[in-house]
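Take a look at the structure set out below.
In full-length UniProt numbering, the protein residues as written are 1 to 780.
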């Protein structure tokens, strides 16, 4: 796809090859344009319109949907999330009904549970990438769920009226500067509508910039005679006074921003003013006292099963302890209150940390340079493949576009390769779950003239160390390709081996898995990529703040382009991984890997007499995770993996990864964080469930009406006046002794997945009212 940057008045659709346009509202220099005619013209030519916008501005401005835009995108950072030197922030993607089923990411819709009770759920919750693979509409994996919740609670606390007041104050401060500048006469403000950003013409932009810097103010230089100044919720009248002195030069300022208030007028024409209501649901209009919001948040978090309750044994997700001391730096103002484009000498601490973290990650992985820019594992996949593509192009071999991917690979792998324009060739696995090396060899030799890369996971997605991984890498290299290693299973490598040692050329790391950044219900994540020396010059840069590999490559830089909107991705959460690595040290990191592997093998051994362990390595062991096979229970007892997963909720546990990478299985990863007592508790739960299945197999329990099919059992069902199930309330709700000591109650019964997938528009019920909310995917 070709991208053109064109002036608004110069759009020409006569070539008939334009698929879509992206416009900014308000514009980058603060201007507010009327896009109504522009949108109508685009639609008349079959062109879709995407509007990049600002949520705070939309409390005052006519929203994109009202002038016909097809999609609206932007960042929710303005809603109560710190700048964090670039992230993490929740982005939003809103669209019309026409496109809701091809939206990437997580969409929360309404379903019903087994008791007819309303239940919110993630629609199409089986990852689209794992089903459609190379035909997926995106490779998006990490959603910024934690940041989306922060922004949502900001909106809940302030409500529509509070948000409008904040927006009006921000606009008023910008207006006060404009009035003051007109009084001074030392600079010129364009007479255009604006919201929070003022474009100013001056004699010498560099001199203004330097004077502002002396007053501890950062402003943007557009060109030699133009600067822009932006205001936000944290700006004060005193800040406006300082700005006026900056622009006054040698001229005295005999007025204050406060005195200018009566002269400030709304700089938004009536045609642009929003008249429609927003945030009308009661949730946004009832929790405006701090203690009420606290209680609301507590009620919400009580519905979530987290590591506070029990281990979360999700295979391939590495849900380990996130220590408090690692999290503390995220709250420090010098980290959180930093603009991503601030001069680097104002961010010396960040820069030092980046360098140290890059060096540490190189030591751990055996690579020569790291880019910290990709801010999710899937973004790391994409960046790694783009580095490989840039490398081939630089050598005059841009025709190399074949990517070999084992069928056992993560679902985002083929989706990422497809996004990079690669032709995907699949190779199978053998009976032990390893890549079929001879099939790989044949595929490599067949496509040797066009082979670009292999995408491989080590240990394999089946949870075993593939004995032939070095041979696999050698075959790819011999046929002109590069090896991309998925870093999802690094928790079984750190300190014991490394991607660089094995033979990989590039690898992404999930810092939110192996290196202790919390998952946050799906995000924030970070996916930095490490590369060998020959690929280092091609690591991503940034158009505003040039970046590159850490350590810097020796050869001439030839960056592939830009992967993230911020130069160093979600920089604010990097101190978590930095603290984890620095405090653990080489000995601690190695011990953690050993314990993770030991824990997985201990659990596999305890469970093997009850559930078949699907794959093992040459010596009969697994890596840091293992797969138990439940497929035969469908025949023997009519029990599906979902039944086991739901029953685990009654025992107080989150289910392992279900039916992936092998349908009809559970993939279990205990990590190094869990004690033997917790491992035993989880094993005991699965063993108890196996006995419940055996009761069905022997006819002691009905195959259709049993404790597994009825699970989970919420308090509303257990405490109901009527109980007509063929097992006791105690068996349903308290199947093990530890449950009585600490019971986690599921909020709903079994959710109807089919109903939920058919109802993507979220219908929220409150006090008898029905309010339909447009489906929104909060994601990167």
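Think of the CB as a built atom: it goes at the ideal place given N, C-alpha and C, for glycine as much as any other residue.
Contact annotation: the region 79–87 touches the region 142–156, with at least three C-beta pairs closer than 8 Å.
Burial of residue 692 is indicated by the presence of at least 16 other C-beta atoms within 10 angstroms of its C-beta.
Runs of the beta strand (DSSP E) lying entirely within the region 322–386 and spanning at least 3 residues, in chain order: 369–371.
Residue pairing of residue 31 in beta bridges, as defined by DSSP: 194. Sequence-distant partners of residue 360 (beyond 5 residues in either direction) whose C-beta falls short of 8 Å from its own C-beta, in its chain, are 578, 581 and 582. With a contact defined as Cβ atoms closer than 8 Å, residue 86 and residue 571 qualify at about 5 Å.
Cα atoms of residue 422 and residue 416: separation of roughly 9 Å, rounded to the nearest angstrom. Scanning the region 690–724 from its first residue to its last, the whole alpha helix (DSSP H) runs of 4-plus residues come out as 715–718.
Nearest to residue 13 by alpha-carbon distance, out of 302, 358, 618 and 43, is 43. DSSP places residue 303 in the coil class of the three-state scheme, outside both helix and strand. For residue 247, the enclosing alpha helix (DSSP H) starts and ends at 237–248. Our two residues, residue 480 and residue 451, have alpha carbons roughly 6 Å apart in a direct line. By the 16-neighbour rule on beta-carbons within 10 angstroms, residue 493 is buried. Listed as beta-bridge partners of residue 13 by DSSP are no residues whatsoever. Taking all protein chains shown into account, residue 102 has fewer than 16 neighbouring C-beta atoms within 10 Å of its C-beta and is therefore exposed. In terms of Cα proximity to residue 41, the closest of 18, 56 and 425 is 18.
When C-alpha distances from residue 1 are compared across 10, 7, 756 and 21, the shortest belongs to 21. By the neighbour-count criterion, in which a residue is buried when 16 or more other Cβ atoms sit within 10 angstroms of its Cβ, residue 458 is buried. Looking at the DSSP output, residue 173 shares a beta bridge with no other residue. Of the other Cβ atoms in all chains shown, 16 or more fall within 10 Å of the Cβ of residue 454; this residue is therefore buried. Look at residue 406 here: in three-state DSSP terms it is strand. The region 271–282 makes contact with the region 62–78, as at least three CB pairs between them are under 8 Å. Judged by their CB atoms, residue 324 and residue 530 are not nearer to each other than the 8 Å cut-off.
Under the DSSP assignment, residue 223 falls in the beta strand (DSSP E) whose first and last residues are 220–223. Linking residue 94 to residue 234 through their CA atoms gives a straight-line distance of about 27 Å.
DSSP, read as helix, strand or coil, puts residue 505 in coil.
In the structure shown, residue 62 adopts coil according to DSSP, grouped into three states. Taking C-alpha positions only, residue 164 is separated from residue 173 by approximately 14 Å. Taking the CA atoms as reference points, residue 590 sits about 10 Å from residue 497.
Here DSSP, grouped into helix, strand and coil, assigns residue 470 to helix. Per DSSP, residue 646 is one residue of the alpha helix (DSSP H) stretching across 641–650.
For residue 213, the enclosing alpha helix (DSSP H) starts and ends at 205–214.
By the Cβ neighbour-count rule, residue 543 is exposed, with fewer than 16 other Cβ atoms within 10 Å of its own. Around the beta carbon of residue 290, a 10 Å sphere encloses fewer than 16 other beta carbons of the protein chains shown; the residue is thus reported as exposed. Under DSSP, residue 52 takes part in a beta bridge, and its partners are 24 and 73. Around the beta carbon of residue 206, fewer than 16 other beta carbons sit within 10 angstroms, so the residue counts as exposed.
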